[in-house]
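J.: Going by my numbering, 1061 is the number at position 137 of the sequence shown; the sequence numbering is gapless.
The beta-carbon is built from N, C-alpha and C at its ideal position, and this holds for glycine as well.
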Amino acid sequence: MAELPVFKKCCFCIPLRYGLLTWGYLKLGIALIILIIFLILLSQIPVNHRRDLNIVIMIVVVLMTEVVIHCSFIVGAHKKNVKILRLYFYYALFMWAVTMMAAVIATGLLSVSLFFRKDSFLEILVFALNVIGFTFSIAIQTFLLLALRSEIIKLRSNCPYRFVKDDNEPEGTITPVNQNQDITSTNSTEPIHNKNIF
925 MAELPVFKKC CFCIPLRYGL LTWGYLKLGI ALIILIIFLI LLSQIPVNHR RDLNIVIMIV
985 VVLMTEVVIH CSFIVGAHKK NVKILRLYFY YALFMWAVTM MAAVIATGLL SVSLFFRKDS
1045 FLEILVFALN VIGFTFSIAI QTFLLLALRS EIIKLRSNCP YRFVKDDNEP EGTITPVNQN
1105 QDITSTNSTE PIHNKNIF
């Protein structure tokens, strides 16, 4: 099985963390704009339209959750907090899976509709835009998942470890370096980095 790539840069030119932060701010801005639009829409719906009101309220709750999650991601990326970044990684992985399922369902439904209405140019256009849109969205989400995974691996590997080999033992041991501990006090030491694969 092929190993997943570990990126050093975002989009091959920007430092990884800054690229992820830029993406986080962009997603936060988009979520806030959509939230404001739906809040305005919510204020325009008459109270007696219960069904429309319930749908818009559910969308507003989902968007507010998105805003909170994106804010926590931005804080986690600024503070280099691996726990927050891992939580956001699992959220992004869940959203990637939801997007994949939505792509399969929407493409399947449009394929059936296109099969029964073979002469409709509008149906063909909607189908093509659907496939292109979902492909683009899934490609971006996949890249960002890999970039986020790379950042988590990078932050984890910044924890210093050392290799200690005693003369009495044929094999050495790997131990974490304490901030107060003198790493030159043992017989043979060489600093290494933790290579935990996510």
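Please report how far the alpha carbon of I1116 lies from the alpha carbon of S1081, in whole angstroms.
T.: Position 192 of the sequence shown, counted from the first residue, corresponds to residue 1116. Position 157 of the sequence shown, counted from the first residue, corresponds to residue 1081. Low confidence applies here, because I1116 scores a pLDDT of 42, under 50, leaving its location unreliable and the question unanswered by this model.
J.: Below 8 angstroms CB to CB, which residues in the same chain sit around L966 once its five sequence neighbours on both sides are set aside?
T.: Looking up residue 966 in the sequence shown gives position 42. Only L977, V980, I981, V984 meet the Cβ criterion.
J.: Out of K932, C934, M1025, state which residue places its alpha-carbon closest to the alpha-carbon of V1055.
T.: Taking the first residue of the sequence shown as position 1, residue 1055 is located at position 131. Out of K932, C934, M1025, M1025 has the C-alpha closest to the C-alpha of V1055.
J.: So, V991 versus L944, is the Cβ gap smaller than 8 angstroms?
T.: Against the sequence shown, residue 991 aligns to sequence position 67. Against the sequence shown, residue 944 aligns to sequence position 20. It is not a contact, given that the beta carbons lie outside the stated cut-off.
J.: Would you tell me roughly how many angstroms separate the C-alpha atoms of A1052 and A1001, rounded to the nearest one?
T.: Indexing the sequence shown from 1 puts residue 1052 at position 128. Indexing the sequence shown from 1 puts residue 1001 at position 77. If you take the alpha carbons of A1052 and A1001, they lie about 36 angstroms apart.
J.: What whole-angstrom Cβ distance do I1029 and V930 have, given they're in contact under 8 angstroms?
T.: Looking up residue 1029 in the sequence shown gives position 105. Looking up residue 930 in the sequence shown gives position 6. Between V930 and I1029 the Cβ distance is about 33 angstroms, and since that is not below 8 angstroms, they are no contact.
J.: Only counting the same chain, and skipping five residues up and downstream in sequence, which positions put a Cβ closer than 8 angstroms to that of F1040?
T.: The residue given as residue 1040 occupies position 116 in the sequence shown. Counting only Cβ-Cβ distances below 8 angstroms, and skipping sequence neighbours, we find nothing.
J.: Give every residue of the same chain whose Cβ lies closer than 8 angstroms to the Cβ of L1072, excluding the five residues on either side of it in the sequence, and list them in chain order.
T.: Walking along the sequence shown from the start, residue 1072 turns up at place 148. Contacts found: L944, L1009, Y1012, F1013, A1016.
J.: Tell me whether the beta-carbon of L987 lies closer than 8 angstroms to the beta-carbon of F1018.
T.: Your numbering for residue 987 matches position 63 in the sequence shown. Your numbering for residue 1018 matches position 94 in the sequence shown. No, these two residues do not count as a Cβ contact at 8 angstroms.
J.: Could you tell me which residues DSSP puts in a beta bridge with K951?
T.: Position 27 of the sequence shown holds residue 951. Bridge partners of K951: none, in fact.
J.: Can you tell me where the alpha helix (DSSP H) holding N978 begins and where it ends?
T.: The sequence position of residue 978 within the sequence shown is 54, counting from 1. Counting along the chain, the alpha helix (DSSP H) containing N978 begins and ends at 974 to 1003.
J.: Buried or exposed: where does A955 fall if 16 or more other Cβ atoms within 10 Å of its Cβ makes it buried?
T.: Locating residue 955 in the sequence shown gives position 31, where the first residue counts as 1. Result: buried.
J.: Comparing C-alpha positions only, which one of L950, G948, F1067 sits nearest to W1020?
T.: Position 96 of the sequence shown, counted from the start, is the residue given in the question as residue 1020. Nearest of L950, G948, F1067 to W1020, Cα basis: F1067.
J.: For the alpha helix (DSSP H) that I1076 lies in, which residues bound it at each end?
T.: Taking the sequence shown and counting its residues from 1, the one referred to as residue 1076 is at position 152. I1076 -> alpha helix (DSSP H) spans 1045 to 1081.
J.: Would you kindly report the start and end of the unbroken alpha helix (DSSP H) that includes K1007?
T.: Taking the sequence shown and counting its residues from 1, one reaches residue 1007 at position 83. It spans 1006 to 1040 - the alpha helix (DSSP H) in which K1007 sits, taken as one unbroken run.
J.: CB-CB under 7 angstroms to G948, same chain, minus the five flanking residues each way: which ones, in chain order?
T.: Position 24 of the sequence shown, counting from 1, holds the residue named residue 948. Correct list, in chain order: H994, F997, I998, A1001.
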